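>
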Amino acid sequence: MQQTYIMIKPDGVQRGLIGEVILRIEKRGLKITAMKMCTLSKEFAEAHYAEHKSKDFFGSLIDFITSGPSVSMIVEGKNAVTVMRGINGATNPQEAAIGTIRGDFGLETGRNIVHASDSIESAKREIAIHFNESDHSDYMRIDEQWLYE
Ligand code: IDP
Ligand code: MG
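Residue numbers (the numbering used here): 1 to 149.
1. Looking at the unbroken alpha helix (DSSP H) that takes in residue 84, where does it start and where does it end?
2. Cutting at 6 Å between CB atoms, please list the residues of its own chain near residue 107, excluding the five before and the five after it.
3. Taking only three categories from DSSP, how would you classify residue 101?
4. Which value, in whole angstroms, describes the spacing of the CA atoms of residue 111 and residue 50?
5. Using 8 Å as the threshold, is the C-beta distance between residue 81 and residue 12 below it?
6. Do residue 105 and residue 40 have their C-beta atoms within less than 8 Å of each other?
7. Confirm the yes/no value for this check: CB of residue 82, any heavy atom of the ligand IDP, distance under 7 Å.
8. Give a single yes or no on whether residue 44 has its beta carbon closer than 7 Å to a heavy atom of the ligand IDP.
9. Between which two residues does the alpha helix (DSSP H) carrying residue 122 extend?
10. I'd like the span of the alpha helix (DSSP H) that includes residue 55, first residue to last.
11. Indicate the three-state DSSP secondary structure (helix, strand or coil) for residue 65 in the structure shown.
12. Consult DSSP for residue 19 and reduce its assignment to one of helix, strand or coil.
13. Return the Cβ separation of residue 73 and residue 34 in integer angstroms, given the expectation that the two are a contact with Cβ distance under 8 Å.
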């Protein structure tokens with residue numbers, strides 16, 4: 001099964017949306033196999049967003065993402081990377097479809113509540129930044145035989 005890295009960003013935590021995000025992931029049938037709350041250090045934040053280092057919003061992005069607690073998860077399931085990008089919606093919440101997390105709860109790109117890896121390679125890289133091997137829980141959900149044919 002494919003794995004992806006999800007973060008409920010500090011705005012999502014402060015706005016009381018942890019449960020809402022987790023609810024959508026679980027109800028879709030995706031399986032959470034690791035989860036923790038922490039306030040990211042500058043080093044971890046910069047490693048996580050390394051691809052955006054040259055962008056003009058990089059400094060404010062790092063300040064924001066390290067400004068308070070965030071929730072990190074590994075989410076697993078069939079096509080988890082693409083499915084989670086769909087659950088989150090477009091980067092700019094104003095362009096995100098209704099029914100997506102960003103489309104239902106966000107207004108600005110810099111406060112878009114959730115992160116999801118954009119490819120299998122990114123997911124592997126991001127999971128390795130935020131989790132140790134011993135943080136992973138390998139288990140079966142009892143509904144798996146009804147989710148997959
Ligand atoms: P993604 O989160 O949908 O993958 P990316 O383009 O990878 O979007 O950008 C990473 C994050 O950087 C976004 O989620 C958003 O929080 C922030 N960001 C991207 N573009 C802008 C911008 O133009 N202004 C402010 N923040 C931005
Ligand atoms: Mg991205």
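Note that CB positions come from ideal geometry on N, CA and C, so glycine has one too.
All values derive from a computational prediction rather than experimental measurement.
Quick answer:
1. 80-88
2. 93
3. helix
4. About 19 Å.
5. no
6. Their beta carbons are not under 8 Å apart, which means residue 105 does not touch residue 40 by this criterion.
7. no
8. no
9. 120-130
10. First-last for residue 55: undefined, no H or E at that position.
11. Residue state, collapsed to three classes: helix.
12. helix
13. With 8 Å as the limit, residue 73 and residue 34 qualify as a contact, their Cβ atoms being about 6 Å apart.
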